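Visitor: Numbering (our numbering), first residue to last: 26 to 163. Glycine residues also receive a C-beta, built at the ideal position from the N, C-alpha and C atoms. If you're wondering where the values come from, they're calculated on a predicted model, not measured in any experiment.
What follows is the structure in structure tokens.
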């Protein structure tokens, strides 16, 4: 009788191990990116940019050629001599990564984040970091 009870105890333990093998309570749920996450970025955004003397700044963000892609015009405001057309990708619910762009004429990258109706632009390249805040969507 002891052997039968031991056998069932081992069998029950193995069944529980296999049933729970894919569950990891310590790991966070992955972010699922939706069309609403993408749509909140699309539009013309007015704000400020710290690395120029020009008043105000504008970002124009439109849908790109795939579900997570964007076409972006950095510094699209009137009078800016250097607007830049770049491509970005939604990598998380509130983050667009621009892998290639220029800053001061030199190669760099950029990140655009969304929080509570405000976009934040961070550009980096050649040891320079510039920031923009865009709070008016029009």
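Pull up the distance between the alpha-carbon of residue 74 and that of residue 57, whole angstroms please.
Guide: Computed Cα separation, rounded: 31 Å.
Visitor: Going by the CB atoms, is the gap between residue 98 and residue 107 shorter than 8 Å?
Guide: Contact: no.
Visitor: Taking the continuous beta strand (DSSP E) assigned at residue 160, which residues delimit it?
Guide: Run containing residue 160: 153-162, per the beta strand (DSSP E) assignment.
Visitor: Terminal residues of the continuous beta strand (DSSP E) containing residue 61?
Guide: From DSSP, residue 61 is part of no beta strand (DSSP E) but of the alpha helix (DSSP H) over 60-64.
Visitor: Just list the residues that DSSP pairs residue 81 with in beta bridges.
Guide: Note: residue 81 sits in no beta bridge, so no partner.
Visitor: When burial is assigned at 16 or more other CB atoms within 10 Å of the CB, is residue 151 buried or exposed?
Guide: Flag for residue 151 reads exposed.
Visitor: On a Cα-Cα basis, can you pick out the residue from 100, 131 and 123 that is closest to residue 72?
Guide: Out of 100, 131 and 123, 100 has the C-alpha closest to the C-alpha of residue 72.
Visitor: Is there a Cβ of chain B sitting closer than 8 Å to that of residue 162, yes or no?
Guide: Among the chains in the structure shown there is no chain B, since it carries only a single protein chain.
Visitor: In terms of DSSP beta bridges, what is residue 67 paired with?
Guide: BP columns for residue 67 are empty, so no partner.
Visitor: Scan the region 100-147 and note each continuous alpha helix (DSSP H) run of 4 residues or more that stays entirely inside, going in chain order.
Guide: Correct list: empty.
Visitor: Identify whether residue 91 lies in helix, strand or coil by the three-state DSSP scheme.
Guide: Three-state result, residue 91: coil.
Visitor: Just checking my contact of residue 121 with residue 113 at CB under 8 Å: how many whole Å lie between their CB atoms?
Guide: The pair is a contact, with the Cβ atoms about 4 Å apart (cut-off 8 Å).
Visitor: Residue 75 bridges to which residues according to DSSP?
Guide: Partner(s): none; residue 75 has no beta bridge.
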